[in-house]
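The working numbering puts the sequence shown at residues 88 to 223. Taking it in order: structure first as structure tokens, then the write-up.
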Amino acid sequence: MIKQTEFSLPAYPRGFHLVTEEVLHQIGPLPVEGLLHLFIKHTSAGLAINENADPSVRVDFEAFFNRLVPENLPFLTHTTEGPDDMPAHVKSVLSGTSVTIPITGGHLNLGTWQGIYLCEFRNYGGKRKLVATVYS
């Protein structure tokens, strides 16, 4: 069986944000076993799975991505939407736009220290639309 839910996350500031509980709230009860595929419908934000305990990890990710893909690079041509836009597109390609997580015993089968991240790469990205597909 396949169940698909489309929903929006509220606007978050630029950075890496744990959204595991918010995603679970939006999709409702999970089957005993299966898969959750989560997809973000944007080209300037991403999804990832990583550390859910120490907030400094998310700060370090933001610093690393900004150093890897800084704003105002002189060779960029896609600049009409602001200096954060083209770097946000590049960062989205690096982070990816989807994650797939096994479901076991009616729960996401994440590691002890893992959570779902919204990777917001725009200064003012606004609400982000996601599609959650549960396969059971």
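For every residue, glycine included, the Cβ atom is placed at its ideal position computed from N, Cα and C.
Unbroken alpha helix (DSSP H) stretches of 4 residues or longer found wholly inside the segment 101 to 130: 107 to 114, given in chain order. Residue 135 and residue 103 have their C-alpha atoms spaced approximately 9 angstroms apart.
DSSP places residue 154 outside any beta strand (DSSP E); the residue lies instead in the alpha helix (DSSP H), whose first and last residues are 143 to 155. Residue environment for residue 207: buried (at least 16 other C-beta atoms within 10 angstroms of its C-beta). For residue 98, the CB contacts under 7 angstroms within the same chain, skipping 5 residues up- and downstream, are 212, 213, 214 in chain order. For residue 178, there is no enclosing beta strand (DSSP E); the residue is found in the alpha helix (DSSP H) stretching over 172 to 182. Residue 215 is bridged by DSSP to 96.
Looking at the DSSP output, residue 197 sits in no beta bridge, so it has no partner there. Where residue 189 is concerned, the enclosing beta strand (DSSP E) starts and stops at 185 to 191.
The alpha carbon of residue 179 has as its nearest neighbour, out of 167, 152, 220, the alpha carbon of 152. If you look at residue 134, you'll find it in the beta strand (DSSP E) that goes 132 to 138.
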